[in-house]
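Asker: Chains as they are written, first to last, in the working numbering: chain Z, 48 to 221; chain D, 4 to 659; chain U, 1183 to 1334.
Idealized CB from N, CA, C, for every residue including glycine.
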Amino acid sequence: MNRFVLPLAVFVLMVGLLGYGLRLDPKKVPSPLIDKPAPEFSLAMLDDPTRQLSTADMSGQVWVLNVWASWCVSCRAEHEVISLLANKNLVTVVGLNYKDEPADATRWLQQFGNPYATSVIDRDGRVGIDWGVYGVPETFVIGADGMIKYKHIGPVTHESLEQKIMPVLKELLS
Amino acid sequence: MIPEIGQFALLIALSIAVIQALVPLAGASLGVQRWIALARPAALAQLLFVGLSYACLTWAFISHDFSVLYVAKNSNSALPLIYRISGVWGSHEGSLLLWALVLALWTGAVAVFTPNVPSAMRARVLAVLGLVSCGFLLFIIITSNPFERLFPAAAEGSDLNPLLQDIGLAIHPPMLYLGYVGFSVAFAFSIAALISGQVDSAWARWSRPWTNIAWLFLTLGIALGSWWAYYELGWGGWWFWDPVENASFMPWLVGIALMHSLAITEKRGTFKAWTALLAIFAFALSLLGTFLVRSGVLTSVHAFASDPGRGIFILGFLVLVVGGSLTLYAWRAPLLKSAAQTSLLSRDGALLLNNVFLTVATSAILLGTLYPIAIDAMGGKISVGPPYFNLMFVTLTAPLGVLMGIGMLIRWKSDSLGRLGSKLKIPALIVLVLALLLSLALPQWIWGAYLGIAMALWIAVTAGIAIYERFHNRALLSTLRSTPAGFYGMLLGHLGIGVFIIGVTLTSLYNQEKDLRMAPGDTYSVAGYEFTFHGVRDFNVDNYVATRGGFTVRSESGDFKVDLFPEKRTYPVQTMPMTEAAIDAGLARDLFIALGEPLDKEGAWAVRIYYKPFIRWIWLGAIIMAIGGLFGASDRRYRRLARSTSVDTEAAERAA
Amino acid sequence: MRRLLLLFLFVLWMAPLQAAIEAYEFESAQMEADYKKLIDELRCLVCQNQNLSGSDADLARDLRRETYDMLQAGKSPQQVVEFMVERYGDFVLYRPQFKSTTYLLWLGPFLLLLCVLYLLVRRLRAADKPVEVDAAAMAEAKQLLEDKESGK
Chain Z
48 MNRFVLPLAV
58 FVLMVGLLGY
68 GLRLDPKKVP
78 SPLIDKPAPE
88 FSLAMLDDPT
98 RQLSTADMSG
108 QVWVLNVWAS
118 WCVSCRAEHE
128 VISLLANKNL
138 VTVVGLNYKD
148 EPADATRWLQ
158 QFGNPYATSV
168 IDRDGRVGID
178 WGVYGVPETF
188 VIGADGMIKY
198 KHIGPVTHES
208 LEQKIMPVLK
218 ELLS
Chain D
4 MIPEIGQFAL
14 LIALSIAVIQ
24 ALVPLAGASL
34 GVQRWIALAR
44 PAALAQLLFV
54 GLSYACLTWA
64 FISHDFSVLY
74 VAKNSNSALP
84 LIYRISGVWG
94 SHEGSLLLWA
104 LVLALWTGAV
114 AVFTPNVPSA
124 MRARVLAVLG
134 LVSCGFLLFI
144 IITSNPFERL
154 FPAAAEGSDL
164 NPLLQDIGLA
174 IHPPMLYLGY
184 VGFSVAFAFS
194 IAALISGQVD
204 SAWARWSRPW
214 TNIAWLFLTL
224 GIALGSWWAY
234 YELGWGGWWF
244 WDPVENASFM
254 PWLVGIALMH
264 SLAITEKRGT
274 FKAWTALLAI
284 FAFALSLLGT
294 FLVRSGVLTS
304 VHAFASDPGR
314 GIFILGFLVL
324 VVGGSLTLYA
334 WRAPLLKSAA
344 QTSLLSRDGA
354 LLLNNVFLTV
364 ATSAILLGTL
374 YPIAIDAMGG
384 KISVGPPYFN
394 LMFVTLTAPL
404 GVLMGIGMLI
414 RWKSDSLGRL
424 GSKLKIPALI
434 VLVLALLLSL
444 ALPQWIWGAY
454 LGIAMALWIA
464 VTAGIAIYER
474 FHNRALLSTL
484 RSTPAGFYGM
494 LLGHLGIGVF
504 IIGVTLTSLY
514 NQEKDLRMAP
524 GDTYSVAGYE
534 FTFHGVRDFN
544 VDNYVATRGG
554 FTVRSESGDF
564 KVDLFPEKRT
574 YPVQTMPMTE
584 AAIDAGLARD
594 LFIALGEPLD
604 KEGAWAVRIY
614 YKPFIRWIWL
624 GAIIMAIGGL
634 FGASDRRYRR
644 LARSTSVDTE
654 AAERAA
Chain U
1183 MRRLLLLFLF
1193 VLWMAPLQAA
1203 IEAYEFESAQ
1213 MEADYKKLID
1223 ELRCLVCQNQ
1233 NLSGSDADLA
1243 RDLRRETYDM
1253 LQAGKSPQQV
1263 VEFMVERYGD
1273 FVLYRPQFKS
1283 TTYLLWLGPF
1293 LLLLCVLYLL
1303 VRRLRAADKP
1313 VEVDAAAMAE
1323 AKQLLEDKES
1333 GK
């Protein structure tokens, strides 16, 4: 009797898996850099290309890196939320201008407002690769110890700001 | 107006399907003849209305009715007629309607072409098919209505995906559906057998031709997809083990196991439970495929839709149909015991082993396909791709190559190692030596090539022996007439695999590829051929603009010359550039050129050149296999024997 | 909103589906072969299931460039793989690594095969054993047959 039930049992397991799978997003790639040191970069700043900003410069403080570009449509959508975050004056928000024309980027900031303490230029996307960036926008939260604590994939919404990012920030800042 | 008729026809079809599913089933169990008799007309009526609905959608496409949302998204006023007709199944909603139509066609065929099957049995079979129809029609009406209107009507359509504006890809889905959906017939027969507790193996005999035909369409459908990917996508590949490809390949493998299992059950009356289970598996995998393509649970280039909402519906349907069947199986399969014994050293045993390997191979593919979901559920993330599937599949099916040869020559019921050994010793030796000679003739020695060639030769040689044994010392004409079509089916099926193995082995191991910069006037040599680039020119065609490159290819010996013109096309509506590779096809090799990007102002381009030996043998093998399936299905024994059995059963029914 | 989502997905589907062709030059045939194998087995993260060699996406181009640069700089294929996994996780590999979470994946089918073969052979051997004949039942059957023949 029991060997005839086997196919049904296996089927039930499989359906359970598939049902659970419906709630997952197969395209979201979690970052392997969580709780690892933030990759080093040293890039020219957007507003003053003669000056450079490096990861080392940011050590000792909690900060947020937001990957954006003027050609990115969803960045416009999240802009308001990033500005909100910046205005709380809790942490420094640095922009990583990804695979963009500096002229277009500057114009974009002038048009929509500049929430960033500064933006750095990642012209060819190499720094993006080091940070495991695969799409725009993405947002990283880095702790005072220089470790990446959280990565947000896709545009930051009000909801994800309140429910995901703020709790992480609060914990790091306390 | 017409789209509304189409929508209404769907509703009518659904109502009929409900009746078809419930009434004959009850009638068969309670013995009410009138209810049983309802099955056939219900099936045909359903076909009529689903057909009408489909015709309405086709009409909307042909007549450029952009007030229908689906047409607006998938068509365009400049779209050639043939692609307006094939565009009907170009996206989610329409392809589902095609699914429903194909199911209705198979159901109608079963209603008409089974005069030999007792009416109660047929009623159950049609009822099960009707149940499946209900599910699909409900799904279409509730979540995926192709007749949804667009207000205000679009002035112009978004155009059919340029990738689909291609003959090969246009007929690929109908072929696949004829296959997938066709497995529902064998499924329905085994469910009917399980419900009625039928102990004899007649249902296996009735299922065989239907399964063969479904399988041959699936073979062609898969081969078409593979061939299309090769000439359209430009990276020379013909199979990627993408979840949706796997979703079509798994039923295909189980279909082979099913065909072989039906053979044992019919011939020896054994393993009825196995056959019933395989029939359920084959169709279950077809339905699983539908789920995977449309639910978004796996990432795939083929995904029609990524809609978890629709996914839940299909999953629920899957639970109902497959869960229900497997529950029925768990409950009733113990009834299907057989008294006959099976010896491992016999054709029965060989066929069993065959099914073991096929089922394990299928499980490996299923495991690899679904594993990422399991890992994701546990918080990780991995990918499982061609390296895994290639290794697993080749390792698990390699023994089949050898088994196939033995299986064609080994006796039913019981055979002896001595007899087999003496019969196969010399052929095996010949094969090993011949394969050695052939492998040495190749550019370099690769063990995999030797094994692949040896396997293909083994299949050919044993097939030859099978023919010899049947025909030698007997009158040719009378033997030809008395040999059942199934025998030729077996030969062709196996030879087709052999041809396929040669194609895969040689093209995978000996292909050459070069990506390089070519300026007008440059020449480059690959595999004994000289490729000369002449530069590009622009052309305006139909609904696109083409940048065409000119190449001349000469063989180093000078006796061969061909001009090839790869293109880069831009479809204005979609603004997505498409690469059309230029291929010089041959039985022994393909020469393949694709244009990349322009590199500088002087007219230099990045160019890809491929030399693909024996790649056509892959699809040639598939065609031969499909023809084998056709022979198998046409075997007169199914029609003759079935008739005599059913006469007795009908008489018995009337007498009762 | 749903329409927008569908449009977005549609555009995604329309995304680079065809091979990208770059004219890289290699100092050795081995390096070229290594490069080809790597881009075949590395996944394009922004695509709908494609490898780096089959995709025209920007990120795929960048990662191919990265692969090429690393090989040119003398790194081994294994080092390239480690580089990618460090940044993108196991997801970027089409050949799953052999570790505790993938034991079932790599070994499962073979274990299944062995199990099924074992069960099959055991069952067929059992069936092959001659059935024990109950002497009393045999005698009774014989008697019944004789009775039948004599017309009782």
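Taking C-beta pairs closer than 7 Å, name the residues in chain U that M395(D) reaches, listed in chain order.
Answerer: Translated into positions along the second sequence, residue 395(D) becomes position 392. P1291, listed in chain order.
Asker: Is the beta carbon of F554(D) sitting closer than 8 Å to the one on T535(D)?
Answerer: Locating residue 554(D) in the second sequence gives position 551, where the first residue counts as 1. Locating residue 535(D) in the second sequence gives position 532, where the first residue counts as 1. Contact flag set, yes.
Asker: Using the rule of at least 16 other Cβ atoms within 10 Å of the residue's Cβ for burial, across every protein chain shown, is I1221(U) buried or exposed?
Answerer: Mapped onto the third sequence, residue 1221(U) falls at position 39. Buried.
Asker: How many Å lie between S528(D) and G561(D) at the Cα?
Answerer: As a position in the second sequence, residue 528(D) is number 525, starting the count at 1. As a position in the second sequence, residue 561(D) is number 558, starting the count at 1. Those two C-alpha atoms are separated by around 13 Å.
Asker: Along chain Z, which residues have their Cβ under 8 Å away from the Cβ of G1271(U)?
Answerer: The residue labelled residue 1271(U) in the question sits at position 89 within the third sequence. The contacting residues are V76, P77, S78, P79 and G179.
Asker: Could you name the residues that DSSP lists as bridge partners for N2(D)?
Answerer: Nothing can be reported for residue 2(D), as the shown portion of chain D is limited to 4 through 659.
Asker: Among G1271(U), A1319(U), T1284(U) and L1302(U), which one has its Cα closest to the Cα of L1227(U)?
Answerer: Looking up residue 1227(U) in the third sequence gives position 45. For L1227(U), the nearest C-alpha among the options comes from G1271(U).
Asker: Quickly, what does DSSP pair A1255(U) with across the bridge? List them, please.
Answerer: By one-based count along the third sequence, residue 1255(U) stands at place 73. Answer is none; A1255(U) lacks a bridge partner.
Asker: Whole angstroms is fine: what's the gap from L318(D)'s alpha carbon to S229(D)'s?
Answerer: Here residue 318(D) refers to the residue found at position 315 when the second sequence is read from its first residue. Here residue 229(D) refers to the residue found at position 226 when the second sequence is read from its first residue. The straight-line gap from Cα to Cα measures roughly 28 Å.
Asker: Within 10 Å of its beta-carbon, does Y471(D) have 16 or more other beta-carbons around it, so buried, or fewer, so exposed?
Answerer: Translated into positions along the second sequence, residue 471(D) becomes position 468. When all chains shown are included, Y471(D) counts as exposed.
Asker: Go ahead and pull the three-state DSSP assignment for S637(D).
Answerer: Taking the second sequence and counting its residues from 1, one reaches residue 637(D) at position 634. Coil at S637(D), not helix or strand.
Asker: Would V188(D) and V113(D) be called neighbours here (beta carbons separated by less than 8 Å)?
Answerer: Residue 188(D) sits at position 185 when you count from the first residue of the second sequence. Residue 113(D) sits at position 110 when you count from the first residue of the second sequence. Cβ distance < 8 Å, so V188(D) and V113(D) count as in contact.
Asker: Using the Cα positions of V120(Z) and G201(Z), report the straight-line distance between them to the nearest angstrom.
Answerer: Position 73 of the first sequence, counted from the start, is the residue given in the question as residue 120(Z). Position 154 of the first sequence, counted from the start, is the residue given in the question as residue 201(Z). Approximately 11 Å between the Cα atoms of the pair.
Asker: Would you decide whether H205(Z) is buried or exposed? Buried here means 16 or more other CB atoms lie within 10 Å of its CB.
Answerer: Your numbering for residue 205(Z) matches position 158 in the first sequence. Exposed.
Asker: Can you grab the Cα-Cα spacing for the pair D1238(U) / A1202(U), in whole Å?
Answerer: Position 56 of the third sequence, counting from 1, holds the residue named residue 1238(U). Position 20 of the third sequence, counting from 1, holds the residue named residue 1202(U). About 5 Å.
Asker: Which whole-angstrom value describes the C-beta separation of H175(D) and W242(D), a residue pair presumed to lie in contact below a C-beta threshold of 8 Å?
Answerer: In the second sequence, the residue the question calls residue 175(D) occupies position 172. In the second sequence, the residue the question calls residue 242(D) occupies position 239. The Cβ separation is near 14 Å, so there is no contact.
Asker: Comparing the C-beta of A12(D) with each C-beta of chain U, is any distance below 8 Å?
Answerer: Here residue 12(D) refers to the residue found at position 9 of the second sequence. No, A12(D) lies away from the interface with chain U (no Cβ there is under 8 Å from its Cβ).
Asker: Using a Cβ-Cβ distance under 8 Å, would I1221(U) count as near chain D?
Answerer: In the third sequence, counting from the first residue as 1, residue 1221(U) sits at position 39. It does not: the Cβ of I1221(U) has no partner Cβ on chain D nearer than 8 Å.
Asker: Once the 5 residues before and after G240(D) are set aside, which same chain residues still bring their CB inside 8 Å of it?
Answerer: Counting from 1 along the second sequence, the entry for residue 240(D) is found at position 237. Only A232 and Y233 meet the Cβ criterion.
Asker: Check this for me: beta carbons of P246(D) and T365(D), under 8 Å apart or not?
Answerer: Counted from its first residue, the second sequence places residue 246(D) at position 243. Counted from its first residue, the second sequence places residue 365(D) at position 362. No. Outside cutoff.
Asker: Can you check whether the C-beta of E1331(U) is within less than 8 Å of a C-beta belonging to chain Z?
Answerer: As a position in the third sequence, residue 1331(U) is number 149, starting the count at 1. No, because no Cβ of chain Z sits closer than 8 Å to the Cβ of E1331(U).
Asker: Just checking my contact of L370(D) with G1290(U) at CB under 8 Å: how many whole Å lie between their CB atoms?
Answerer: Along the second sequence, read from residue 1 onward, the residue named residue 370(D) stands at position 367. Along the third sequence, read from residue 1 onward, the residue named residue 1290(U) stands at position 108. Sure, about 6 Å apart at Cβ, within 8 Å.
Asker: Within a Cβ cutoff of 7 Å, which residues of the same chain sit near T293(D), ignoring the five residues on either side of it in sequence?
Answerer: Taking the second sequence and counting its residues from 1, one reaches residue 293(D) at position 290. Only I317 meet the Cβ criterion.
Asker: Using alpha carbons as the reference points, say which of R50(Z), L69(Z), P54(Z) and N49(Z) lies closest to D310(D).
Answerer: For this step, residue 310(D) is matched to residue 307 along the second sequence. The option with the nearest alpha carbon to D310(D) is L69(Z).
Asker: Any idea what DSSP makes of A1319(U), helix, strand or coil?
Answerer: In the third sequence, the residue the question calls residue 1319(U) occupies position 137. Here A1319(U) sits in helix by DSSP.
Asker: Do three or more CB pairs link the region 161-169 of chain D to the region 209-216 of chain D at distances below 8 Å?
Answerer: With the cut-off at 8 Å, the region 161-169 of chain D and the region 209-216 of chain D do not touch.
Asker: Could you spell out the range, first to last residue, of the beta strand (DSSP E) harbouring M521(D)?
Answerer: Here residue 521(D) refers to the residue found at position 518 of the second sequence. Start and end: Q515 to M521.
Asker: How about A629(D) and L223(D): are their beta carbons less than 8 Å apart?
Answerer: As a working note, residue 629(D) is residue 626 in the second sequence. As a working note, residue 223(D) is residue 220 in the second sequence. For A629(D) and L223(D), yes; Cβs fall inside 8 Å.
Asker: What are the complete beta strand (DSSP E) segments, minimum 3 residues, inside the region 123-197 of chain Z?
Answerer: With a minimum length of 3 residues, the continuous beta strand (DSSP E) runs that stay inside the region 123-197 of chain Z are 139-145, 165-169 and 185-189.
Asker: Does any C-beta atom of chain Z lie closer than 8 Å to the C-beta of Y73(D)?
Answerer: By one-based count along the second sequence, residue 73(D) stands at place 70. False, the Cβ-Cβ gap to chain Z never drops below 8 Å.
Asker: For the candidate residues H305(D), I612(D), G383(D) and G531(D), whose alpha-carbon lies nearest to that of L567(D)?
Answerer: The residue you call residue 567(D) lines up with position 564 of the second sequence. Considering only alpha carbons, the answer is I612(D).
Asker: Residue range of the alpha helix (DSSP H) that A250(D) falls in?
Answerer: By 1-based counting over the second sequence, the position of residue 250(D) is 247. First-last of the alpha helix (DSSP H) with A250(D): P246 to R271.
Asker: In chain order, what residues of the same chain have a beta carbon less than 7 Å from the beta carbon of V682(D), not counting five sequence neighbours either side?
Answerer: The shown model of chain D, from 4 to 659, leaves out residue 682(D), and the question about it has no answer.
Asker: For G9(D), I'd like the list of residues in its chain whose CB is within less than 6 Å of its CB, leaving aside the five on either flank, ordered along the chain.
Answerer: Here residue 9(D) refers to the residue found at position 6 of the second sequence. The answer, listed in chain order, is S56, C59, L60 and F150.
Asker: Would you check if the region 432-452 of chain D and the region 512-524 of chain D touch, i.e. whether three or more CB-CB distances between them fall below 8 Å?
Answerer: As far as the Cβ criterion goes, the region 512-524 of chain D touches the region 432-452 of chain D, which means the pair count is three or higher.
Asker: One question on the structure: do V128(Z) and L208(Z) come within less than 8 Å of each other, judged by their Cβ atoms?
Answerer: Along the first sequence, one-based indexing puts residue 128(Z) at 81. Along the first sequence, one-based indexing puts residue 208(Z) at 161. A contact, by the Cβ cut-off of 8 Å.
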